[in-house]
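*Asks:* Take this structure, written in structure tokens, and hold onto it; I'll ask about it next.
Numbering (my numbering), first residue to last: 6 to 172.
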């Protein structure tokens, strides 16, 4: 009987630890979504509908690429802080950032920052998030380095390239 009691005690402790981890993950996600709300505060996207759409996108998008909901919410925040609209984020920019990060095995925050910067630079030429991600991946595939190095280079020349009409 003492063995059963000990087993139940271990099971109970494991269940409590699992619940605690789930609670922490939920709190971390909610904190990131609070950051998103702060970033859109006062903008045209400052509506319950837009925030709800961003929340659902963050909850559902990351798992397909191996990222947590908190990581996806942080990526949403990065895109919003870079001036991207909620419709841009859910319309493909979040998924393109996730795919790009996964494809090059890079940090999601870095991939999102690169995506946001390039979408801002090349948006006037009609670039889509998918085309930016594909172009960066293809460019990194034929160049020395990866997407992060190409993104760093574009940080310095991208605005001039866009201003001179390059797509």
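Think of the CB as a built atom: it goes at the ideal place given N, C-alpha and C, for glycine as much as any other residue.
Using CA coordinates, which residue listed in 160, 149, 71, 58 is at the minimum distance from residue 90?
*Replies:* 58
*Asks:* Quick check: the Cα distance between residue 37 and residue 66, rounded to an integer number of angstroms?
*Replies:* Straight-line Cα distance between these residues: approximately 15 Å.
*Asks:* Give me the Cα-Cα distance between residue 39 and residue 72, rounded to the nearest whole angstrom.
*Replies:* 19 Å
*Asks:* Enumerate in chain order the residues of its own chain whose CB-to-CB distance from residue 125 is below 8 Å, with the five nearest sequence positions on each side excluded.
*Replies:* Excluding residues within five positions, the ones whose Cβ falls inside 8 Å are 87, 88, 89.
*Asks:* Would you give the residue range spanned by the alpha helix (DSSP H) that residue 112 belongs to?
*Replies:* Looking at the DSSP string, residue 112 is not in any alpha helix (DSSP H), and its letter there is neither H nor E.
*Asks:* Would you grab the beta carbon distance between residue 116 and residue 106 for me? Rounded to a whole angstrom, and I think it's under 8 Å.
*Replies:* 3 Å
*Asks:* Excluding the 5 residues preceding and the 5 following residue 83 in the sequence, name in chain order all residues of the same chain whose CB lies nearer than 7 Å to its CB.
*Replies:* 114, 117, 118, 121
*Asks:* Going by the beta-carbon positions, is the gap between residue 143 and residue 152 smaller than 8 Å?
*Replies:* no
*Asks:* Buried or exposed: where does residue 98 fall if 16 or more other Cβ atoms within 10 Å of its Cβ makes it buried?
*Replies:* buried
*Asks:* Alpha carbon to alpha carbon, what distance is there between residue 160 and residue 80?
*Replies:* Each residue's Cα considered, the two are about 19 Å apart.
*Asks:* Kindly provide the ranges of any alpha helix (DSSP H) runs that are 4 or more residues long and lie completely inside the stretch 46-94, ordered along the chain.
*Replies:* 53-66, 74-86
*Asks:* Starting from residue 156, follow the alpha helix (DSSP H) in both directions and report where the run begins and ends.
*Replies:* 152-168
*Asks:* Exposed or buried, residue 170, counting other C-beta atoms within 10 Å across all chains shown (16 or more means buried)?
*Replies:* Looking at its Cβ environment, which holds fewer than 16 other Cβ atoms inside 10 Å, residue 170 is exposed.
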